[in-house]
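Chemist: When we follow our numbering, the leftmost residue of the sequence shown carries the number 53, and every step to the right adds one.
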Amino acid sequence: MKIILGILLIFFILANLITAKSGPEVASSSPSLTPSPSVSPTPEKIDPPAPSGSPAEMLTPEPSTTTVDDADLVRVVNVVDGDTVKIETGETVRYIGIDTPESVHPAKALQCFAKEASDKNTELVEGKLVRLEKDISEKDRYGRLLRYIWLGEELVNEILIREGYAYSYTYQPDVKYQERFMEAQRLAREEQKGLWGSACEIQPTPVTTSEPGGDASLYICDCSKSCAKMTSCAEAQFQLVNCGCTGRDGDGDGFACDSDCQ
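(1) For A166, which residues of its own chain have a beta-carbon under 8 Å away from its beta-carbon, when the five flanking residues on both sides are left out?
(2) Looking only at its chain, what residues have a beta carbon closer than 8 Å to the beta carbon of G58, apart from the 5 residues adjacent to it on each side?
(3) Using the rule of at least 16 other Cβ atoms within 10 Å of the residue's Cβ for burial, across every protein chain shown, is R199 buried or exposed?
(4) Give every residue of the same chain whose Cβ lies closer than 8 Å to the Cβ of D6, excluding the five residues on either side of it in the sequence, and list them in chain order.
(5) Across which residues does DSSP place W202 in a beta bridge pair?
(6) Confirm, please, whether the CB-CB distance from C164 to C252 is below 7 Å.
(7) CB-CB under 8 Å to E206, same chain, minus the five flanking residues each way: which ones, in chain order?
(8) Would you call N173 buried or exposed, if buried means 16 or more other Cβ atoms sit within 10 Å of its Cβ?
(9) Using a Cβ-Cβ cutoff of less than 7 Å, which residues in the same chain neighbour G304 once the five nearest sequence positions on both sides are dropped?
(10) Among F63, Q291, R214, K180, which one has its Cα closest to the Cα of G249?
(11) Please state the DSSP three-state secondary structure of I188.
(12) If you draw a straight line from the alpha carbon of M234 to that of E242, how long is it in whole angstroms?
(13) Please go through the same chain and pick out, in chain order, the residues whose beta-carbon is closer than 7 Å to the beta-carbon of K245, but skip the five residues on each side of it.
(14) Determine whether the Cβ of R300 lies closer than 7 Å to any Cβ atom of chain B.
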C-alpha cells in the first residue's frame with residue numbers, strides 16, 4: 053500500500069513539473085497605444101478670377117468709333133439760316149422735313165420771313181447741345197447731314213413749322229414725322245402765324261391755262277397733287293409759290309417740278 057501511494061505521489065509531482073514547463077507564457081504588458089499626430093487639412097488655394105479678355109485686349113483700348121448720331125449731344129456752333137446749322141464736328145446739318153424762306157441763297161433775293169426764320173432758329177439752337185436723329189438718308193447732294201434736331205424733348209423742326217417759320221417739306225424716303233409736320237403746318241396756317249400771316253401774304257394774280265381742249269380756269273391750292281397731275285408748269289409753280297406746296301420743289305431751288313418743267 054505504501055508502495056502504491058509513493059508511486060502516485062511521484063506521478064503527481066512529475067505531472068506538475070511537466071505542466072509548469074509546457075504552459076503558455078502570458079505577456080505582462082499590453083501594447084502601447086500611442087495616439088497618431090492629427091493632420092490638419094491643407095486649405096485649398098483659390099486663385100482670383102482672371103479678367104475677361106486677352107492681355108492685348110486689356111492693355112490696348114479700342115479706338116473710338118463714336119459718330120455724330122452715337123453721341124448723346126452735339127453743340128451747334130453756327131446757324132446758317134432757318135433750316136441749316138453747323139455743328140462742332142465741322143459738318144453742316146440740313147433739317148429734315150422743313151423748308152424756310154431763303155436768306156443766304158446766292159441766286160435768290162431775300163424772301164419774306166427769311167430773316168425771322170433764321171433769327172428764330174438762332175434763338176432755339178445756337179450754342180446749345182442738341183441731339184441729331186437720322187431718318188433714312190445720310191446726306192443730301194450738297195454733302196450736308198440730313199437730320200431731325202432735338203432740343204431736350206422738343207423737335208426743333210416741328211417747332212419752326214408750328215410757329216410759322218417754316219413750311220412742312222417732306223421728301224421721300226425721309227418721312228418719319230410727316231404727319232406731325234403736316235398737322236403743325238395746318239395749325240400754323242389756320243392761326244395765320246408767321247409766314248402764313250398778312251406780312252407775307254401774296255395776292256396771286258389769277259393764272260389761266262390754255263391747254264388744248266380745256267377752258268380757262270383758276271388754279272386751286274392742292275398740295276396733294278403730284279407733278280404728274282399738274283395741268284401745266286405754271287400751275288406747278290403756282291402751287292409752290294402761292295400755296296406753300298414745297299413738295300413740288302424736290303431740290304429746294306425755288307422751281308417746281310424740275311424734271312418736267314426744265
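Don't be surprised by glycine CBs; every beta carbon is placed ideally from N, CA and C.
Modeler: Put simply:
(1) D133, G134, T152, P153, E154, S155
(2) none
(3) The residue in question, R199, is buried, as its Cβ has 16 or more Cβ neighbours within 10 Å.
(4) Given a span of 53 to 314 for the chain in the structure shown, any question on residue 6 remains unanswerable.
(5) Answer by DSSP bridge pairing, in chain order: R183, L207.
(6) yes
(7) none
(8) buried
(9) D151
(10) Residue R214 is the option with its Cα nearest to G249.
(11) coil
(12) 12 Å
(13) E215, G216
(14) No chain B is present in this structure, which holds just one protein chain.
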